[in-house]
Amino acid sequence: MEGVVKKVALNFLSEKCYEEFFYNFNFFNLLCLKAFVSKCLGYVIIAGSCFVKLPQILKIWNNKSAKGISIINVFTDLFAITVNASYAFVRSFPISAYGEGISMGIQTVTIAAQVLHHNFSSSLAAAFVAVYGVVCYVMTNFIPVNMLWNLQAVTIPVLLFGKLAQAYSNYSIKGTGQLSAATCVMLLFGSTSRIFTSFQETGDVIIIITYLLATLGNGIIVFQFMYYRKPAAKQQKKKEGKKQR
């Protein structure tokens, strides 16, 4: 029984912290507590990431439109997710530090395919998905870690550019189009949480800066939802008033 408990516990604790908690009964070791919280938060993020972009996917599907969604933001987001996950995988970081990249990548490539399907063509969407699959295989099997580090550094300005492109698109149409508020709020929570977990589990400056800027960009977009919600509500009331007349 003890062996089973230890096996499960070591998914959340280092060997040293396991001894501190279960042998020395020192439950107030600050370093171990921070590491434990980071691990738990990492797994929560991974579990939640399976549903983060589902509201966005369903909104596009139900409305049969990708209006207001910046394809630049989708592509840059997918680029950042793919590079980040590939870099962490090749560096052998713990799965709790990057596991959401897998589900987020699948969801983001789905959104990219939807946008391409509605704004361009179905054949282009299918070709993009196929090419993306090949790119993922190559990046995790053939690209050296130093090149992935350079790509990870490139994602910093690219990711911020993509977020600002979406923010500008929202500004241009004075609204948020088919963007899902639920998805954007969850992305903000996820990127904010990842600043802490990345610091605790990897200490990699590039990854930490990436999540800092992702949080900034996500924060701007979430602010736009609140800013443009009131004008949209007023327009809806005017329409309803005209119909009643």
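The working numbering numbers the first residue of the sequence shown as 1 and each following residue consecutively. The C-beta atom is built at its ideal place from N, Cα and C for all residues, glycine as well. Small disclaimer: the values here were computed from a predicted structure and weren't measured.
> Beta carbon of Gly162, beta carbon of Tyr228: below 8 Å?
Replying inline: When the beta-carbon positions are compared, Gly162 and Tyr228 stay at least 8 Å from each other.
> According to the neighbour-count rule (16 or more other Cβ atoms, all chains shown, within 10 Å of its Cβ), is Cys40 buried or exposed?
Replying inline: Exposed.
> Does the Cβ of Leu58 have 16 or more other Cβ atoms within 10 Å, making it buried, or fewer, making it exposed?
Replying inline: Answer is exposed; the Cβ neighbour count stays below 16.
> So the alpha helix (DSSP H) Lys53 belongs to, where does it begin and stop?
Replying inline: First-last for Lys53: undefined, no H or E at that position.
>> Please list the terminal residues of the continuous alpha helix (DSSP H) segment that includes Lys16.
In response: Unbroken alpha helix (DSSP H) run through Lys16: 15-22.
>> According to DSSP, simplified to helix, strand and coil, what is Tyr211?
In response: In the three-state reduction of the DSSP assignment, Tyr211 falls in the helix class.
> Can you list the alpha helix (DSSP H) stretches of 4 or more residues lying completely in the segment 88-118, in chain order?
Replying inline: Those alpha helix (DSSP H) runs which fall completely within the segment 88-118 and span 4+ residues do not exist here.
> Grouping DSSP H, G and I as helix and E and B as strand, with all else coil, what is Ile195?
Replying inline: Helix.
> Relative to the C-alpha of Pro55, which residue among Tyr18, Ile111, Ile45 is closest?
Replying inline: Of Tyr18, Ile111, Ile45, the residue nearest in Cα terms is Ile111.
> Can the beta-carbon of Leu164 be found less than 8 Å from the beta-carbon of Gly217?
Replying inline: With respect to the 8 Å criterion, Leu164 and Gly217 are classified as neighbours on the basis of their beta carbons.
> Where do the ends of the alpha helix (DSSP H) carrying Ala66 lie?
Replying inline: Per DSSP, Ala66 belongs to no alpha helix (DSSP H) and is neither H nor E.
> From Phe51 to Tyr137, what does the alpha carbon distance come to, in whole angstroms?
Replying inline: A straight-line Cα-Cα distance of about 24 Å links Phe51 and Tyr137.
> So, Ile208 versus Ile156, is the Cβ gap smaller than 8 Å?
Replying inline: Taking the C-beta atoms as reference points, Ile156 is found no nearer than 8 Å to Ile208.
> Span of the alpha helix (DSSP H) holding Thr155?
Replying inline: Segment 145-173, the alpha helix (DSSP H) holding Thr155.
> Can you name the start and end residues of the alpha helix (DSSP H) that Gly133 belongs to?
Replying inline: Counting along the chain, the unbroken alpha helix (DSSP H) around Gly133 starts and ends at 122-141.
>> Are the CB atoms of Val115 and Ala66 within a distance shorter than 8 Å?
In response: Yes, the pair counts as a contact, with Cβ atoms nearer than the cut-off.
> For Ala224, does the three-state DSSP call read helix, strand or coil?
Replying inline: Sequence check: residue 224 is Gln here, not Ala. Gln224 falls in the helix class under three-state DSSP.
>> Applying the 10 Å Cβ sphere with the 16-neighbour rule, what's the burial state of Ile173?
In response: With a 10 Å radius around the Cβ and a threshold of 16 neighbouring Cβ atoms, Ile173 comes out exposed.
> Using the rule of at least 16 other Cβ atoms within 10 Å of the residue's Cβ for burial, across every protein chain shown, is Ser249 buried or exposed?
Replying inline: The structure shown does not extend to residue 249, since the chain is modelled only from 1 to 245, so the question has no answer here.
> By a C-beta neighbour count over all protein chains shown, 10 Å radius and 16 as the cutoff for buried, is Met147 buried or exposed?
Replying inline: Around the Cβ of Met147, a 10 Å sphere holds fewer than 16 other Cβ atoms; the residue is exposed.
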